[in-house]
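Numbers given in my numbering equal positions in the sequence shown, counted from 1, plus 44.
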Amino acid sequence: MTSDTVLYDSSDFIATITLNRPDKLNALSHELGDALRQAWLDFEASDDRVAVLTGSGRAFTAGADLDGGGDMWSITPGVGVKLTKPVIAAVNGLTVGGGLCLVQMADMAVAAESAWISYPEAKIGFTGGIIASLVSRMPHKAAMELLMTGEKMSAQRAYELGFFNKVVPDADLMSETRSLAQKVAANAPLVIAALKQLADEVMPRGPMEGAGWARRMVEATFASNDLQEGLASFRERRTPTFKGD
45 MTSDTVLYDS SDFIATITLN RPDKLNALSH ELGDALRQAW LDFEASDDRV
95 AVLTGSGRAF TAGADLDGGG DMWSITPGVG VKLTKPVIAA VNGLTVGGGL
145 CLVQMADMAV AAESAWISYP EAKIGFTGGI IASLVSRMPH KAAMELLMTG
195 EKMSAQRAYE LGFFNKVVPD ADLMSETRSL AQKVAANAPL VIAALKQLAD
245 EVMPRGPMEG AGWARRMVEA TFASNDLQEG LASFRERRTP TFKGD
């Protein structure tokens, strides 16, 4: 995959996916969103066993681009993109709005000491449904405080609430995250995939997660040869021959 807005590097069964609009704090534009979705699809189809998601410059991401944001549904793992392999977020700097959604849907997350998270949509007058799943990933009342006040939360506080696996010095963020990824990549891929699926199944789903799961299931039928056969047989007034593909 080649893109200026999302970089993809593969080494030792680890994919490093970097949001790369540092001049815009990696805001999630349509272009970046399309590139990120493709990066997830490339990762799923690759030999890589774990992905590290991070941002270039001084931000993980500032969230939706106010000049034209991408579709959060389509770029969020577990919602619009089904992944059978784990994702670790390496959170540098600020993580706002839709960026928080990306981190919450990662399987693990490591934060730099200077990092902070916020969901300021209540101050703007808009929200999407994906963030509802935050209440399954940190204590309910702490999540509601973050969502309803729109205030910043430090990486250390988020770590204390169980949202981050660890907080490390800024200079060590990528090395520490890669060390964690190497431990995962060294283990049995089928077991890792099974554990991820089992954990995803028991994790309470927010409304958008549930809708995303249903939409992915339905879209698979829309793209099937069986649909084309069904339509053709209807037009031709014959019994369809379905093959399950």
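Using N, Cα and C, we set each Cβ at its ideal position, and we do this for glycine too. Computed from a prediction, not measured in an experiment: that's the story for all the values here.
{"Item": "Local Cβ density within 10 Å of SER73, reported as buried at 16 or more and exposed below that", "Value": "buried"}
{"Item": "Terminal residues of the alpha helix (DSSP H) in which VAL228 lies", "Value": "217–229"}
{"Item": "Bridge partners - THR60, DSSP secondary structure assignment", "Value": "ASP53 and VAL96"}
{"Item": "Span separating the alpha-carbon of ALA133 from that of LYS240", "Value": "15 Å"}
{"Item": "According to DSSP, residues forming a beta bridge with ILE161", "Value": "THR139 and MET197"}
{"Item": "Helix, strand or coil at PRO284 [DSSP, three-state]", "Value": "coil"}
{"Item": "Under 7 Å between C-beta atoms of ALA230 and ILE58", "Value": "no"}
{"Item": "Alpha-carbon spacing of GLN148 relative to ASP289, whole angstroms", "Value": "33 Å"}
{"Item": "Three-state class that DSSP yields for ALA155 in the structure shown", "Value": "strand"}
{"Item": "PRO66 beta carbon less than 7 Å from that of GLY122", "Value": "no"}
{"Item": "Sheet register partners of LEU72 (DSSP bridge)", "Value": "ALA108"}
{"Item": "Chain-order list of residues whose beta-carbon lies under 6 Å from that of MET197 (same chain, five-residue window excluded)", "Value": "ILE161 and LEU190"}
{"Item": "Rounded C-alpha distance that separates TYR203 from ALA186", "Value": "12 Å"}
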